[in-house]
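The structure under discussion appears below in the form of structure tokens.
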Amino acid sequence: MTKTAIIDVRDASKAYPGGVKALDAVSLRVEPGEWVALMGASGSGKTTLLNLLDGLDKPSNGEVIVLGRDLSSMGPDEGAVFRRENMGLVFQQFHLIPYLTALENVMLAQHFHSMADRKEALEALASVQMDHRVRHLPSQLSGGEQQRVCIARALINDPKIILADEPTGNLDEANERKVFEIFGALHAQGRTLVVATHDRELGALAGRIVRLQHGRMVHRQASGGAVRDASAGPAGIPAFPAGTR
Amino acid sequence: MLRRMLFKSSIHRPGVLLWTTLTLTLCAALVTLFATTTLQVNRKMTGALAELGANAVAAPARHAGSRPVWAVLFSEAREAHARSALLHLRVGLVKGLPVAVVAARPGPLAMMTPYWRITGRRPESAGTCLVGARVARRLTLAPGDSLKVAWGTAGGASSYRITGILSSGDEDDGRVFVKVFGIPSEVKTATSVSPAAEKRLKGPDFTYALLSVPGGARGVARLAATLRASDAGLAVNPFRQILYGEGAVLNKVDLLCGLALAAVFLLSVLGLSAAVASRVLTRAREISLLRALGAKRRWVAGFLVAEMSFHGLIGGLAGFCIGTWMAQGVGRHVFETSFSPSPEAFAVALTATVLVAAAAGAAGVRRALKLDPGVLLRSE
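For the protein sequence lines, the chains are C and F, in the order given. Start counting the first sequence at 5; every next residue gets the next number (our numbering). Start counting the second sequence at 1084; every next residue gets the next number (our numbering).
Right under this line is the structure:
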């Protein structure tokens, strides 16, 4: 039975001034609770696609429907509100506020969402094994610890969708493992994850891999490694709307 | 959360904090210096000019329907920190010639007429008078002489001893000044005034007031407007020459300090705007992150302006102390007087500094809102 897509990208293209086409007619449907890995070489358009999904960027053409709302028609403030209500963002470079402690960085996301709650923020940090470093500034934390704070910040508002951009890109192997575990647990909780990554191991953990090349979707691959045609959606769900192939 | 962020972001980059706060401190110090100088010079010059005597006269309005209410004038004059002296004029006959005799309290009158040149001294008791130079010449009077004034059929006669001869260069030279109540107020027995002389006595008593109003022409105009509005049946008219002199000096001081203040304000805004705009660029990722976490544009703008205003507050307080110290030095060495710290200068300095900071912050906001979070946060 076909579920309603939580993310539905329809023929989305993104061109930058000067004619550079970062995305070219990409279509993607993601179901609730699904873990999708976006893979491809640098410059293939993974981050651009993620930016369209979180509303930080708008497509030059096509539509990006998330939770039934068309992000491309939202203004900057409407997009910000939608993002804080529904999404958790994880970055490769962590992007923690350098003058706030780990705890305050998490509470900042709460502040934008509703109201800062110290107890909840501490629980979120504990869930990523960071409860012993809550008073430390980002500069006093290792890369892996910063990434875990970043994940705690992404989770604090109980988002429906988690978008992660190269979450293990700056981590050593031990910290990579911890991130894998956290993402696995999040998936097990039924959260929807879209992760852009170079990391094959992380990609293999995803339920579905979407490969991009020069801004185009080249093919999709189930987590077991079975490569399928790009136009075919998982579990029989059509990947593209009619007429886009 | 916002307060904590404001504080921490401010102290996070001590170099930037030092630079912006120093700029704002300098701005506040200069604003305080010029504001204090303007205020104190105005105050002291107004005080000094008040020593020159009356700069306006109040008299019954020509077409007033009601009787003049002098109590209103004195009340409004007190409100305006003005000095006043009430004068009653009655025409009497001296040796058959009509002479204007003016009765006033000696103290206030002396305050309003410090510019009179007096041979002898001012009258201090009832029964003494000061005679204008023209009257003295015409009637050959000198200090120590007696002066008998006949009031016609209305009031008998009064005798005065002349204590001095005044020379003012204006109409006061043709008058006789006596202590108030020196003119009889009730009808007395008729005197031996001839019917021909009686006819030369003009009109009824006339009352007017001399005023020394601070604030030059503007101060007088304000008092005149207040009196008009109060319907007291009185009109205030300035002594133009004195006021123009006062006004010219005060306006020059105001203009000079105003120009200096505007220059300080403009230069501070320009200098700080450049610094803030460049700081926004160094914080581009932090600002982009706030947007990515769901901060509205208004929140980001408010945060940046509040951050600069916080610096402005620190700079304003420090600058006021330094500026007051500088103003005291200027007062001592340039004006040879002491300038005291004034709450008005404090308010002006603090407002100006916070405004400069907020204006500079606004320039940063403009740049911050143009940032593209999608580009700045990407990892590729």
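For every residue, glycine included, the Cβ atom is placed at its ideal position computed from N, Cα and C. Note that this is a predicted model, so its numbers are computed, not measured.
Note down, one range per segment and in chain order, each beta strand (DSSP E) of at least 3 residues found wholly within the region 15-82 of chain C. 24-34, 39-43, 65-70
Listing by chain order, which chain F residues have their CB less than 8 Å from the CB of C:Ala120? Here residue 120 of chain C refers to the residue found at position 116 when the first sequence is read from its first residue. Met1084, listed in chain order.
Buried or exposed: where does F:Leu1045 fall if 16 or more other Cβ atoms within 10 Å of its Cβ makes it buried? Coverage of chain F is limited to positions 1084 through 1463, which leaves residue 1045 of chain F absent and any answer about it impossible.
So what does DSSP say about C:Thr248, is it helix, strand or coil? Start at 1 with the first residue of the first sequence, and residue 248 of chain C comes out as number 244. Note that C:Thr248 scores 29 on pLDDT, short of 50, meaning its location in the model is unreliable and no value can be drawn from it.
Check each candidate in C:Leu27, C:Ala156, C:Ile101, C:Ser146 and name the one with the smallest Cα separation from C:Met91. Mapped onto the first sequence, residue 91 of chain C falls at position 87. For C:Met91, the nearest C-alpha among the options comes from C:Ala156.
The beta strand (DSSP E) spanning C:Leu197 covers which residue range? For the purposes of this step, residue 197 of chain C is identified with residue 193 of the first sequence, where counting begins at 1. Here the beta strand (DSSP E) through C:Leu197 covers 196-201.
Judging by CA-CA distance, which residue of F:Thr1211, F:Lys1231, F:Thr1223 is the nearest neighbour of F:Arg1244? The residue you call residue 1244 of chain F lines up with position 161 of the second sequence. Taking only the C-alpha atoms, the option nearest F:Arg1244 is F:Thr1211.
Check the DSSP bridge columns for C:Pro171 and list the partner residues they point to. As a working mapping, residue 171 of chain C is identified with position 167 in the first sequence. Paired residues: none, contrary to the question.
Going straight from the alpha carbon of F:Gly1215 to that of F:Trp1234, what length do you get? In the second sequence, counting from the first residue as 1, residue 1215 of chain F sits at position 132. In the second sequence, counting from the first residue as 1, residue 1234 of chain F sits at position 151. If I take the Cα positions, the gap works out to 19 Å.
Would you say F:Pro1097 reaches chain C, if we count a Cβ-Cβ gap shorter than 7 Å as a contact? The residue you call residue 1097 of chain F lines up with position 14 of the second sequence. False, the Cβ-Cβ gap to chain C never drops below 7 Å.
Shorter than 7 Å from the beta carbon of F:Leu1109 to some beta carbon of chain C? Working through the second sequence from its first residue, we reach residue 1109 of chain F at position 26. No, F:Leu1109 does not count as interfacial toward chain C.
How would you write the range of the alpha helix (DSSP H) that C:Lys123 sits in, first residue to last? Numbered from 1 along the first sequence, position 119 holds the residue referred to as residue 123 of chain C. Its alpha helix (DSSP H) spans residues 122-131.
What are the residues that DSSP puts in a beta bridge with C:Gln193? By 1-based counting over the first sequence, the position of residue 193 of chain C is 189. Answer is none; C:Gln193 lacks a bridge partner.
Quick check: what's the CA-CA separation for F:Asn1334 versus F:Met1088? Sequence index remark: in the second sequence, residue 1334 of chain F carries index 251 (1-based). Sequence index remark: in the second sequence, residue 1088 of chain F carries index 5 (1-based). In a straight line, the C-alpha of F:Asn1334 is about 46 Å away from that of F:Met1088.
For C:Val138 and chain F, any beta-carbon pair shorter than 7 Å? Position 134 of the first sequence holds residue 138 of chain C. It does not; no Cβ of chain F falls within 7 Å.
Is it the case that the Cβ atoms of F:Val1347 and F:Val1124 are separated by a distance below 7 Å? To locate residue 1347 of chain F, count along the second sequence from 1; it is residue 264. To locate residue 1124 of chain F, count along the second sequence from 1; it is residue 41. No, Cβ-Cβ distance for F:Val1347 and F:Val1124 is not below 7 Å.
Mind pulling the alpha helix (DSSP H) runs of 4 or more residues that sit fully within the region 1344-1383 of chain F? 1367-1375
Taking only beta-carbon atoms, is C:Tyr103 less than 7 Å away from chain F? Numbered from its first residue, the first sequence carries residue 103 of chain C at position 99. Yes, C:Tyr103 counts as interfacial toward chain F.
For the alpha helix (DSSP H) containing F:Ser1242, name the first residue and the last one. The sequence position of residue 1242 of chain F within the second sequence is 159, counting from 1. Where F:Ser1242 is concerned, there is no enclosing alpha helix (DSSP H), although the beta strand (DSSP E) it sits in stretches over 1240-1250.
Grab me the residues of F:Lys1285's own chain with a C-beta within less than 6 Å of its C-beta, minus the 5 sequence neighbours each way, in chain order. As a position in the second sequence, residue 1285 of chain F is number 202, starting the count at 1. In this predicted model, F:Lys1285 has a pLDDT of only 44, less than 50, meaning its place in the structure is not dependable; the value taken from the coordinates is given anyway. Only Val1174 meet the Cβ criterion.
Would F:Arg1145 be called buried (16 or more neighbouring beta carbons within 10 Å of its own) or exposed? As a first step, residue 1145 of chain F must be located in the second sequence, where it is residue number 62. With fewer than 16 other Cβ atoms within 10 Å, it is exposed.
Neighbour-count burial assignment, F:Lys1231, 16 or more Cβ in a 10 Å radius: The residue you call residue 1231 of chain F lines up with position 148 of the second sequence. With fewer than 16 other Cβ atoms within 10 Å, it is exposed.
Please report the straight-line C-alpha distance between F:Lys1271 and F:Gly1239, rounded to a whole angstrom. As a working mapping, residue 1271 of chain F is identified with position 188 in the second sequence. As a working mapping, residue 1239 of chain F is identified with position 156 in the second sequence. At F:Lys1271, the pLDDT of 36 sits below 50, so the modelled position is not reliable; the number obtained from the coordinates is stated separately. Cα to Cα, F:Lys1271 sits roughly 5 Å from F:Gly1239.
If you follow the beta strand (DSSP E) that F:Lys1091 is in, where does it begin and where does it stop? What you label residue 1091 of chain F is simply residue 8 of the second sequence in a count that begins at 1. Looking at the DSSP string, F:Lys1091 is not in any beta strand (DSSP E); the run it does join, the alpha helix (DSSP H), is 1085-1095.
Grouping DSSP H, G and I as helix and E and B as strand, with all else coil, what is F:Arg1204? Within the second sequence, residue 1204 of chain F is the residue found at index 121, counting from 1. Here F:Arg1204 sits in coil by DSSP.
Start and end of the alpha helix (DSSP H) containing C:Arg204? On the first sequence, residue 204 of chain C is found 200 positions in, with the first residue counted as 1. Per DSSP, C:Arg204 belongs to the alpha helix (DSSP H) from 204-209.
Would you say the region 1183-1198 of chain F touches the region 1252-1259 of chain F, given that touching needs at least three Cβ pairs under 8 Å? yes
Bridge partners - F:Ser1421, DSSP secondary structure assignment: For the purposes of this step, residue 1421 of chain F is identified with residue 338 of the second sequence, where counting begins at 1. The partner list for F:Ser1421 (beta bridge, DSSP) is empty, contrary to what the question assumes.
Neighbour flag for C:Gly22 against chain F, beta carbons, 7 Å: Here residue 22 of chain C is taken as the residue at index 18 of the first sequence, counted from 1. It does not: the Cβ of C:Gly22 has no partner Cβ on chain F nearer than 7 Å.
Report the rounded CA-to-CA distance for F:Leu1294 versus F:Thr1434, giving the unit in angstroms. Position 211 of the second sequence, counting from 1, holds the residue named residue 1294 of chain F. Position 351 of the second sequence, counting from 1, holds the residue named residue 1434 of chain F. Answer to the nearest angstrom: the Cα atoms are 35 Å apart.
Mind checking who F:Asn1320 pairs with in its DSSP beta bridge? Numbered from 1 along the second sequence, position 237 holds the residue referred to as residue 1320 of chain F. Answer is F:Val1140.
Is the beta carbon of F:Ser1356 sitting closer than 7 Å to the one on F:Ala1443? Start at 1 with the first residue of the second sequence, and residue 1356 of chain F comes out as number 273. Start at 1 with the first residue of the second sequence, and residue 1443 of chain F comes out as number 360. Yes.
Using the rule of at least 16 other Cβ atoms within 10 Å of the residue's Cβ for burial, across every protein chain shown, is F:Gly1227 buried or exposed? Translated into the one-based positions of the second sequence, residue 1227 of chain F becomes position 144. Classification of F:Gly1227: exposed, given that the 10 Å Cβ count is below 16.
Closest Cα partner of F:Ala1384 within the set F:Ser1229, F:Val1448, F:Ala1428: Sequence index remark: in the second sequence, residue 1384 of chain F carries index 301 (1-based). With distances taken between Cα atoms, F:Ala1384 lies closest to F:Val1448.
Relative to the C-alpha of F:Ala1112, which residue among F:Leu1400, F:Pro1191, F:Ser1250 is closest? As a working mapping, residue 1112 of chain F is identified with position 29 in the second sequence. With distances taken between Cα atoms, F:Ala1112 lies closest to F:Leu1400.
List, in chain order, every chain F residue whose beta-carbon is nearer than 9 Å to that of C:Leu126. Within the first sequence, the letter at position 122 stands for residue 126 of chain C. Going along chain F, no residue has its Cβ under 9 Å from C:Leu126, so there is no contact; the nearest lies around 15 Å.
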